[in-house]
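Protein chains: 2
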Amino acid sequence: MTETKTKTPRERYRAQVRAEIKEHAWEQIATTGASALSLNAIAKQMGMSGPALYRYYASRDELITELIRDAYRSLADTLRSASTTGADLAALAHTLRAWALEDPQRYLLIYGTPVPGYHAPDDITLISSETMAILLDACTALPSDSPATPFDAHLADHRDWAAGHPAPPAVLHRALSFWTRLHGVLSLELAGHFTGMRFDPAQLFAAELDDLLAC
Amino acid sequence: MTETKTKTPRERYRAQVRAEIKEHAWEQIATTGASALSLNAIAKQMGMSGPALYRYYASRDELITELIRDAYRSLADTLRSASTTGADLAALAHTLRAWALEDPQRYLLIYGTPVPGYHAPDDITLISSETMAILLDACTALPSDSPATPFDAHLADHRDWAAGHPAPPAVLHRALSFWTRLHGVLSLELAGHFTGMRFDPAQLFAAELDDLLAC
DNA sequence: TGCTTACGTTAGAAGTTATAACTATCCGGA
DNA sequence: TCCGGATAGTTATAACTTCTAACGTAAGCA
Numbered sequence: 025m026t027e028t029k030t031k032t033p034r035e036r037y038r039a040q041v042r043a044e045i046k047e048h049a050w051e052q053i054a055t056t057g058a059s060a061l062s063l064n065a066i067a068k069q070m071g072m073s074g075p076a077l078y079r080y081y082a083s084r085d086e087l088i089t090e091l092i093r094d095a096y097r098s099l100a101d102t103l104r105s106a107s108t109t110g111a112d113l114a115a116l117a118h119t120l121r122a123w124a125l126e127d128p129q130r131y132l133l134i135y136g137t138p139v140p141g142y143h144a145p146d147d148i149t150l151i152s153s154e155t156m157a158i159l160l161d162a163c164t165a166l167p168s169d170s171p172a173t174p175f176d177a178h179l180a181d182h183r184d185w186a187a188g189h190p191a192p193p194a195v196l197h198r199a200l201s202f203w204t205r206l207h208g209v210l211s212l213e214l215a216g217h218f219t220g221m222r223f224d225p226a227q228l229f230a231a232e233l234d235d236l237l238a239c
Numbered sequence: 025m026t027e028t029k030t031k032t033p034r035e036r037y038r039a040q041v042r043a044e045i046k047e048h049a050w051e052q053i054a055t056t057g058a059s060a061l062s063l064n065a066i067a068k069q070m071g072m073s074g075p076a077l078y079r080y081y082a083s084r085d086e087l088i089t090e091l092i093r094d095a096y097r098s099l100a101d102t103l104r105s106a107s108t109t110g111a112d113l114a115a116l117a118h119t120l121r122a123w124a125l126e127d128p129q130r131y132l133l134i135y136g137t138p139v140p141g142y143h144a145p146d147d148i149t150l151i152s153s154e155t156m157a158i159l160l161d162a163c164t165a166l167p168s169d170s171p172a173t174p175f176d177a178h179l180a181d182h183r184d185w186a187a188g189h190p191a192p193p194a195v196l197h198r199a200l201s202f203w204t205r206l207h208g209v210l211s212l213e214l215a216g217h218f219t220g221m222r223f224d225p226a227q228l229f230a231a232e233l234d235d236l237l238a239c
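Sequence order for the protein chains is A and B. Quick note: our numbering has the first sequence finishing at residue 239, numbered continuously throughout. Quick note: our numbering has the second sequence finishing at residue 239, numbered continuously throughout.
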């Protein structure tokens with residue numbers, strides 16, 4: 025993670041400053057949210073004045089895109105290392121939740137409200153499909169005894185997103201359910217919609233996971 | 025909806041301008057998202073210059089809070105009128121989806137990424153609990169044959185959020201599942217996370233709903 | 001030792017939210 | 001009918017924001 029490809033001193037310095045900028049950006053996002061991210065404030069924190077940042081990021085959007093990329097990368101890496109150590113869905117789910125709670129705004133940067141015009145670069149959708157592949161692997165390992173649904177048939181015809189993964193339609197469906205259901209509980213928890221209610225979100229998450237594995 | 029309580033002409037004018045401001049605000053939010061909402065732009069659209077808006081809304085935050093309130097109100101009204109005409113969960117679910125697709129940014133204004141510091145006023149949480157009551161009613165009408173889970177027991181001890189609704193814990197659980205699962209599919213669809221994949225989001229939603237009703 | 005390139009600076013344009021001060025206008029009571 | 005006070009809208013201004021332009025400086029490289 026911290027290794028820098030040995031190149032010219034200039035490039036190493038540049039990479040280090042870019043990393044430091046992102047560090048401050050994450051800090052700021054965690055406390056004030058991504059929409060309030062201010063390049064000026066970051067520059068001031070780093071002791072340099074305003075426009076200097078534009079040597080490192082062409083625009084605010086480019087910085088945020090980089091942060092989104094890093095978030096996807098971090099999620100993919102975290103889930104992959106969790107799935108290699110005994111690939112079961114339950115572990116994957118709890119790893120996901122832990123990752124999300126570690127930095128809620130990072131999760132919401134990926135799965136929260138998008139800017140209407142924004143379209144993610146191709147390499148980001150590539151990382152995202154890497155995550156999907158991990159999920160599909162874990163779902164394949166689990167036996168499924170539920171009968172085929174009409175949607176399974178629909179998925180048999182629309183499985184491009186599986187990127188050549190050999191999972192049968194029922195497994196694709198299971199993966200989608202896994203994704204949407206865990207995201208459902210998790211995003212509502214992170215957005216604070218459970219705060220008024222007094223129950224433990226962790227137990228709701230666990231219950232949802234149990235139900236998901238029992239079907 | 026369009027009725028104005030007959031008061032002084034000044035107050036009627038004021039109410040009308042406030043409504044017009046919100047109209048333009050919704051328009052702008054639908055196209056550029058809530059984070060890019062600009063009071064200046066609204067004022068220019070209405071033919072008056074900048075600071076005049078501050079006669080009607082003390083701040084940008086106050087306007088957005090009002091929009092959030094209206095969104096909650098609209099959702100509650102829509103769901104209520106859908107539940108009175110034959111209260112079944114399937115109709116409620118499809119009404120919810122239709123409402124969300126009608127203006128995705130309106131849905132995301134409620135359930136999307138929140139500003140970390142923001143805390144909704146009490147009257148908003150009140151409207152939200154009204155929506156919850158509608159959901160609980162619909163869930164009560166449905167027979168449930170699933171066995172009691174540990175989370176059901178937990179809910180029996182933490183049912184304040186039901187606001188005195190006489191539903192048994194299993195029904196509370198069902199309502200929560202309904203909410204989180206539908207929100208899971210819906211929010212991912214609205215955020216555009218299914219666009220790359222070619223399947224029909226409506227069918228995934230329907231499949232999720234079927235599974236929800238079958239349990 | 002010099003040349004080149006990249007870094008960081010200040011200045012400034014065009015936005016934004018929001019406040020202050022001023023004018024005009026409209027409404028309501030005498 | 002007329003006049004006084006509340007209110008609407010105006011401009012000016014402050015303090016922000018992103019981002020461009022022009023300039024000096026300093027670091028790396030041959």
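Note that CB positions come from ideal geometry on N, CA and C, so glycine has one too. Predicted, not measured: the structure shown is a model, and the values here were computed from it.
Burial of residue 163/B is indicated by the presence of at least 16 other C-beta atoms within 10 angstroms of its C-beta. When 7 Å is used as the limit between beta carbons, residue 227/B is near these residues of chain A: 175 and 178, in chain order. 50/B is the residue among 76/B, 50/B and 80/B whose C-alpha sits nearest the C-alpha of residue 92/B. From the beta-carbon of residue 50/A, no residue of chain B is found nearer than 7 Å; the closest lies around 13 Å away. Contacts with chain A (Cβ-Cβ distance below 8 Å) from the segment 208-224 of chain B involve 208, 209, 211, 212, 215, 216, 217, 220, 221, 222, 223 and 224, listed in chain order. When the Cα atoms are used, residue 120/A and residue 201/A turn out to be separated by approximately 15 Å.
Shown here, residue 163/B sits in a helix according to DSSP, grouped into three states.
Closest in C-alpha terms to residue 85/A, from the list 191/A, 138/A and 37/A, comes 138/A. Under the DSSP assignment, residue 195/B falls in the alpha helix (DSSP H) whose first and last residues are 193-214. Distances from the alpha-carbon of residue 64/B to those of 78/B, 57/B, 131/B and 56/B put 78/B closest. Cβ neighbours of residue 187/A within its own chain (closer than 8 Å, five residues either side excluded): 153, 156 and 157. In the assembly as shown, residue 129/A is a buried residue. Its beta-carbon has 16 or more other beta-carbons within 10 Å.
The criterion of a C-beta distance shorter than 8 Å is satisfied by residue 80/B and residue 45/B.
For residue 234/A, the enclosing alpha helix (DSSP H) covers residues 225-238. Using a Cβ-Cβ cut-off of 7 Å, residue 123/B is close to nothing in chain A; its nearest Cβ partner there is about 17 Å away.
Ranked by Cα distance from residue 87/B, the options 61/B, 207/B and 143/B are led by 61/B. Residue 72/B counts as exposed, since fewer than 16 other C-beta atoms from the protein chains shown sit within 10 angstroms of its C-beta. Look at residue 195/B: its C-beta is not under 8 Å from any C-beta on chain A. Chain A places a beta carbon closer than 8 Å to that of residue 139/B, counting this residue as a contact.
Taking the Cα positions, residue 98/B is about 16 Å away from residue 108/B. Under the three-state reduction of DSSP, residue 187/A is assigned to coil, being neither helix nor strand.
The DSSP-derived three-state label of residue 175/A is helix.
Where residue 41/A is concerned, the enclosing alpha helix (DSSP H) starts and stops at 33-56. Closest in C-alpha terms to residue 136/B, from the list 210/A, 236/A, 90/A and 237/A, comes 210/A. With respect to residue 70/B, residue 184/A sits apart: the two C-beta atoms are not nearer than 8 Å. When the beta-carbon positions are compared, residue 203/A and residue 132/A stay at least 8 Å from each other. When 8 Å is used as the limit between beta carbons, residue 204/B is near these residues of chain A: 205, 208, 209, 212, 228 and 232, in chain order.
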